[in-house]
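Comments concern the structure below.
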Amino acid sequence: MLAPLSHRIHGKRHLQLYRSSPKNNGPKSWRIREAIPVPKPGPDEVLVNIKYSGVCHTDLHAVKGDWPLPSKMPLVGGHEGAGIVVARGSLVKDVEIGDYAGIKWLNGSCLTCVQCRQSNESLCGDATLSGYTVDGSFQQYAIGKAAHVARIPKDCDLEAIAPILCAGLTVYKALKESGARPGQHVAIVGAGGGLGSFAIQYAKAMGLHPIAIDGGEDKRRVCTELGAQSYIDFTTSEDIVGDVKGASGDGLGPNAVLLLAVSEKPFQQASQYIRSKGTIVCVGLPANAFIKAPVFDTVVREVNIKGSYVGNRQDTAEAIDFFRRGLIKAPYKVVGLSELQSVYDLMLEGKIAGRYVVDTSR
Ligand code: 8ID
Ligand code: ZN
Numbered sequence: 001m002l003a004p005l006s007h008r009i010h011g012k013r014h015l016q017l018y019r020s021s022p023k024n025n026g027p028k029s030w031r032i033r034e035a036i037p038v039p040k041p042g043p044d045e046v047l048v049n050i051k052y053s054g055v056c057h058t059d060l061h062a063v064k065g066d067w068p069l070p071s072k073m074p075l076v077g078g079h080e081g082a083g084i085v086v087a088r089g090s091l092v093k094d095v096e097i098g099d100y101a102g103i104k105w106l107n108g109s110c111l112t113c114v115q116c117r118q119s120n121e122s123l124c125g126d127a128t129l130s131g132y133t134v135d136g137s138f139q140q141y142a143i144g145k146a147a148h149v150a151r152i153p154k155d156c157d158l159e160a161i162a163p164i165l166c167a168g169l170t171v172y173k174a175l176k177e178s179g180a181r182p183g184q185h186v187a188i189v190g191a192g193g194g195l196g197s198f199a200i201q202y203a204k205a206m207g208l209h210p211i212a213i214d215g216g217e218d219k220r221r222v223c224t225e226l227g228a229q230s231y232i233d234f235t236t237s238e239d240i241v242g243d244v245k246g247a248s249g250d251g252l253g254p255n256a257v258l259l260l261a262v263s264e265k266p267f268q269q270a271s272q273y274i275r276s277k278g279t280i281v282c283v284g285l286p287a288n289a290f291i292k293a294p295v296f297d298t299v300v301r302e303v304n305i306k307g308s309y310v311g312n313r314q315d316t317a318e319a320i321d322f323f324r325r326g327l328i329k330a331p332y333k334v335v336g337l338s339e340l341q342s343v344y345d346l347m348l349e350g351k352i353a354g355r356y357v358v359d360t361s362r
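The sequence shown runs contiguously to residue 362 in the UniProt record's numbering.
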């Protein structure tokens, strides 16, 4: 099955991140490797010819090494990879060569532990993570466990669907976790970024009123165009708590808050503006950060605070279906894989409104 691929090996590109020294926890450098062997899928795996891959802030965390979770090194990053199945292992029966498929953050899980059996696959102790504990989608050929690769319908555009595989899926699941009902208000913190811009679209599609919080005029424009009911600029607002409450219709605060920002402060503010009985969903993963909430208020106002971590296979299928129905259109820019460093530079400065997607062929 794999033999015919060998002639295509020339020109394969793998982007790899190298730690400057094994003991050094500081920033790593990356380089492009060309003409390297195409990996061979194991019996329960598929090989996907990645066409496009979105760039998530998680990839930047992997470069910086700022999470308390060790990554593989050297590493090929990326976990929003959309492409075409070109080979499959002997046990794979339900994915065909030529199918569209997505390599997402959860590359594989055991499928037999108590968490997997209850559809909490991302909580599996043996989960493998694309672009973190196994090589990801910043390359032309990537491997995923057949059970976990996203099934992408053939009528979907691979370029546009790439960010759904993490950003879209994650915020869709987080909105479900928030318990917010159609007609209610949800504050989206970090609304102009990658996850945030998709969150506005999913929230709208789910009948919610999105209150966007981010910084700067570029993000104001994007959030407003995407359908945010109001925009609060955290860099200029003199009273974030008052402004968020004021944007929630009756002034009692949003029913839900999605914390998507890569900064600690909003994780310490949300408990002040959430509506009583409302739910704060933590999604962003700023390094070394803590959530803060007064115990008294949390109890007597019955505030829920929870985490939400990507989504399972069913969430993936549902998030893709929203996209397929034309309900999710967030802005993205396509650049070549070789321009990845400039994307990271912009991301570090907080200058990306929406998502960047890399084309693995250039
Ligand atoms: O499953 C998960 N929980 C999951 C999945 C995917 C990504 C978690 N993440 C994490 C990433 O690792 C990262 O920590 O979510 C975070 C956001 O990822 P992203 O959306 O890909 O990052 P971005 O495009 O850089 O957007 C971040 C936005 O936050 C804004 C920035 O301006 C930017 O638009 N922001 C910041 I930084 N501080 C803010 C503040 N105080 C803020 N917005 C409002 N208030
Ligand atoms: Zn991601």
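All C-beta atoms, glycine included, are put in the ideal place defined by N, C-alpha and C.
Contact under 8 Å by Cβ, residue i with residue j
| i | j | result |
| --- | --- | --- |
| G311 | A319 | yes |
| A293 | V186 | no |
| E45 | G144 | yes |
| T298 | K104 | no |
| G81 | G136 | yes |
| A240 | Q269 | The amino acid at residue 240 is misidentified as Ala; the sequence shows Ile. Their beta carbons are under 8 Å apart, which means I240 touches Q269 by this criterion. |
| V86 | V95 | no |
| H79 | G108 | no |
| S248 | V283 | no |
| A205 | I328 | yes |
Residue environment, residue i, which counts as buried when at least 16 other CB atoms sit within 10 Å
| i | result |
| --- | --- |
| A287 | exposed |
| Q201 | buried |
| L165 | buried |
| R13 | buried |
| R31 | exposed |
| V358 | buried |
| V262 | buried |
| P43 | exposed |
| A35 | exposed |
| residue 371 | In the structure as shown, the chain starts at 1 and stops at 362, and residue 371 therefore has no counterpart that could be examined. |
| F138 | buried |
| T236 | exposed |
| Q314 | exposed |
| V278 | A quick correction: the sequence has Gly, not Val, at residue 278. Burial call: buried. |
| G125 | exposed |
Element boundaries [alpha helix (DSSP H), containing residue i]
| i | result |
| --- | --- |
| D297 | V295 to V300 |
| S271 | K265 to Y273 |
| I320 | R313 to R324 |
Continuous beta strand (DSSP E) stretch holding residue i: start and end
| i | result |
| --- | --- |
| K352 | The sequence shown places Ile at residue 352, rather than the Lys named in the question. Taken as a continuous stretch (DSSP letters only), I352 belongs to no beta strand (DSSP E), as it is neither H nor E. |
| T279 | T279 to C282 |
| G136 | Run containing G136: none; DSSP gives neither H nor E here. |
| P309 | Looking at the sequence provided, one finds Tyr at residue 309 rather than Pro. Taken as a continuous stretch (DSSP letters only), Y309 belongs to no beta strand (DSSP E), as it is neither H nor E. |
| V334 | Y332 to G336 |
| K51 | E45 to V55 |
Residue i at chain C interface by Cβ criterion, 8 Å
| i | result |
| --- | --- |
| L260 | This model lacks chain C altogether, as it is built from one protein chain only. |
Query raised in the report: Which full runs of the beta strand (DSSP E) of 3+ residues lie inside the segment 199-261, going along the chain?
Result: Whole beta strand (DSSP E) segments, 3+ residues: 209-214, 230-233 and 256-259.
Requested in this report: Check whether the segment 91-107 touches the segment 61-72, taking contact to mean three or more Cβ pairs, one atom from each stretch, closer than 8 Å.
Outcome: no
Report task. Mind the definition here: the segment 223-233 touches the segment 193-209 only if three or more C-beta pairs lie below 8 Å; say whether that holds. Result -> yes
Report task. Examine the Cβ distances between the segment 353-360 and the segment 193-200 and report whether three or more of them are shorter than 8 Å. Result -> yes
Query raised in the report: Touch check for the segment 247-267 and the segment 169-186: three-plus C-beta pairs under 8 Å?
Result: In short, these stretches touch, since the Cβ pair count reaches three.
Requested in this report: Inspect the CB distances between the segment 328-348 and the segment 115-124 and report whether three or more fall short of 8 Å.
Outcome: These segments do not touch.
Report task. Please confirm if the segment 48-62 is in contact with the segment 142-161, defined as three or more CB-CB distances below 8 Å between the two stretches. Result -> Yes, the segment 48-62 is in contact with the segment 142-161.
Report task. Starting from the N-terminal side, write out each stretch of the beta strand (DSSP E) that is 3 residues or longer and does not extend beyond the segment 68-101. Result -> 81-88
Report task. Taking only runs that begin and end inside the segment 112-186, name each unbroken beta strand (DSSP E) of 3 or more residues, in chain order. Result -> 141-145 and 150-152
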